[in-house]
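Quick note on our numbering: the sequence shown kicks off at 34 and runs consecutively.
Every residue, glycine too, gets a C-beta built ideally from N, C-alpha and C.
Owing to the predicted nature of the structure, the values given are computational and were not obtained by experimental measurement.
The structure under discussion appears below in the form of structure tokens.
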Amino acid sequence: MFIPKDSNGDRGWQWKGEGEAAQEESPKATAALRHGVELPSKLFGLHELRQRGHRVDLASRERIDGTDYYALRITLNDGYTTTLYLDPKNWLITRRRDVRPLHVDIDPTPTTIESRFSDFRKVGGILFAFASTDTDLATGKVLETTSVRSIKVNPQFDSAIFDTL
């Protein structure tokens with residue numbers, strides 16, 4: 034899903050592989066896209082949340098699978114909440130938990146999803162997770178996995194590529 038340049042981030046759209054026109058996504062799908070962009074590790078870092086209008090609170094520590102994590106409660110400026118878990122051994126965000134649908138326009142049923150981040154590698158002096166797994170905590174079912182092949186930090190490109198979107 035993408036947010037077109039003429040929308041000022043107000044709506045998302047997606048080309049679904051049929052025909053030439055992109056289709057506008059629902060407001061809930063657009064919000065889900067925005068949440069993914071705003072949360073640390075995509076475009077912005079944890080240190081940028083407050084200046085972007087979001088709230089970060091230190092919650093109680095939580096023991097998960099033998100690790101006593103520092104839990105950060107994140108409230109985005111639209112009210113969406115999630116919890117990020119910092120591993121006290123390396124200070125990396127290695128887990129995230131929230132209640133949401135995996136893909137809101139496919140199945141809007143919310144569930145508690147745990148994302149686990151691993152295979153951290155340094156790119157441009159910054160550690161990035163090159164692997165993640167989303168699991169439904171109620172059932173233990175793996176919902177999706179992601180494996181990143183490469184990351185480029187601040188690549189140079191011709192902005193005209195957006196003119197055709």
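In the DSSP secondary-structure assignment, S165 is bridged to F150 and T179. As for any beta strand (DSSP E) of minimum length 3 sitting wholly inside the stretch 93–133, the runs are 95–97, 100–108, 114–119 and 126–133, ordered along the chain. The three-state reading of DSSP puts E71 in helix, counting H, G and I together. Nearest Cα to T115 within the set K185, L82 and N123: L82. Residue pairing by DSSP places V89 opposite I107 in a beta bridge.
If the five residues before and after V89 are omitted, its C-beta is found closer than 7 angstroms to the C-beta atoms of L82, R83, L105 and I107, all from its own chain and listed in chain order.
The C-alpha of N110 lies about 16 angstroms from the C-alpha of G78. For Q56, the pairing in a beta bridge is given by DSSP as Q47. The C-alpha of H136 lies about 8 angstroms from the C-alpha of A62.
As DSSP reads the structure, V156 sits in a beta bridge with I159. Note that the stretch 144–157 does not touch the stretch 57–71; fewer than 3 beta-carbon pairs, one per stretch, sit closer than 8 angstroms.
By the CB criterion at 8 angstroms, P121 and D152 fall outside the cutoff. Setting aside the 5 residues that flank it on each side, R85 has no residue in the same chain whose C-beta is closer than 6 angstroms to its C-beta.
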